[in-house]
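Taking this note's numbering, the leading residue of the sequence shown gets 434, the next gets one more, and so forth.
For every residue, glycine included, the Cβ atom is placed at its ideal position computed from N, Cα and C.
This one's a predicted model, so the numbers in the text were calculated from it and none came from an experiment.
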Amino acid sequence: MESTPALLIFIACLLLGYLIGSLPFAVIVSRAFGLADPRGFGSGNPGATNVLRTGNKFAALLTLLGDAAKGWVAMWLVAKVGAGDTAIAFTGLAAFLGHLFPIFLRFRGGKGVATAIGVLIGLDGMVALIAALTWAATATIFRYSSLAALAAACVAPGVAYALHGPDSLSLVIGIMCLLLIVRHRPNILRLFAGTENRIGARPPPPPPSREG
Numbered sequence: 434m435e436s437t438p439a440l441l442i443f444i445a446c447l448l449l450g451y452l453i454g455s456l457p458f459a460v461i462v463s464r465a466f467g468l469a470d471p472r473g474f475g476s477g478n479p480g481a482t483n484v485l486r487t488g489n490k491f492a493a494l495l496t497l498l499g500d501a502a503k504g505w506v507a508m509w510l511v512a513k514v515g516a517g518d519t520a521i522a523f524t525g526l527a528a529f530l531g532h533l534f535p536i537f538l539r540f541r542g543g544k545g546v547a548t549a550i551g552v553l554i555g556l557d558g559m560v561a562l563i564a565a566l567t568w569a570a571t572a573t574i575f576r577y578s579s580l581a582a583l584a585a586a587c588v589a590p591g592v593a594y595a596l597h598g599p600d601s602l603s604l605v606i607g608i609m610c611l612l613l614i615v616r617h618r619p620n621i622l623r624l625f626a627g628t629e630n631r632i633g634a635r636p637p638p639p640p641p642s643r644e645g
């Protein structure tokens with residue numbers, strides 16, 4: 434019977450993580466700045482990259498920070514109430530899933546790169562650092578943001594396993610990175626077709642604002 438309260442606490446942590454992860458900062462920030470809904474242009478992805486296509490760099494930065502903070506904040510909150518390492522790790526995964534399948538956007542969310550970064554920071558700063566360096570090196574050499582994200586997603590699970598072995602942290606990072614790769618399937622197809630946009634390429638004209 435003692436396991437029942439622990440299970441309920443674990444489920445509560447997952448729900449909290451999912452709800453925090455579901456907060457659509459791309460839509461919230463765009464509305465606050467009077468910008469077009471990011472789901473209606475470009476890639477249709479509610480993320481910082483699409484917000485940047487409006488030409489408002491500050492709004493894109495706020496979106497990036499908000500999406501990254503979701504994963505970290507969710508984990509921090511459950512840690513503050515005494516949750517164990519496994520519950521904390523899976524709360525981060527729940528926040529990531531919330532971003533991918535947000536209840537507030539009818540389960541149509543973003544690709545999860547920024548939120549994954551926040552979760553990695555909360556789980557293990559060294560894994561996050563190596564993943565970030567992998568992203569930066571790949572982006573600098575090949576000039577593809579999507580390829581850089583895919584490279585980081587491939588590296589992070591191996592680093593986590595090398596540092597922690599087969600524990601809940603490594604499992605969560607592995608699941609998260611696998612899902613991130615799956616969410617980048619359209620980008621992978623464009624990379625093979627040679628039609629993926631490079632970093633620094635001229636963006637399409639920004640859509641009109643909601644007031645326009």
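Excluding five sequence positions before and after residue 500, the CB atoms of its chain that fall closer than 6 Å to its own CB belong to 458, 547 and 548, given in chain order. Per DSSP, residue 536 lies in no alpha helix (DSSP H) segment and is marked neither H nor E. The segment 509–517 makes no contact with the segment 482–499, as fewer than three CB pairs between them are under 8 Å. For residue 514, the secondary structure class from DSSP, reduced to helix, strand or coil, is coil.
By the neighbour-count definition (other C-beta atoms within 10 Å, threshold 16), residue 626 is an exposed residue. Of 550, 436 and 452, the smallest CA-CA separation from residue 527 is found for 452. Per the coordinates, the alpha-carbon of residue 450 lies some 24 Å from the alpha-carbon of residue 484. Residue 606 and residue 496 have their C-alpha atoms some 23 Å from each other. Residue 601 and residue 594 have their alpha carbons spaced roughly 10 Å apart. In the structure shown, the three-state DSSP call for residue 577 is coil.
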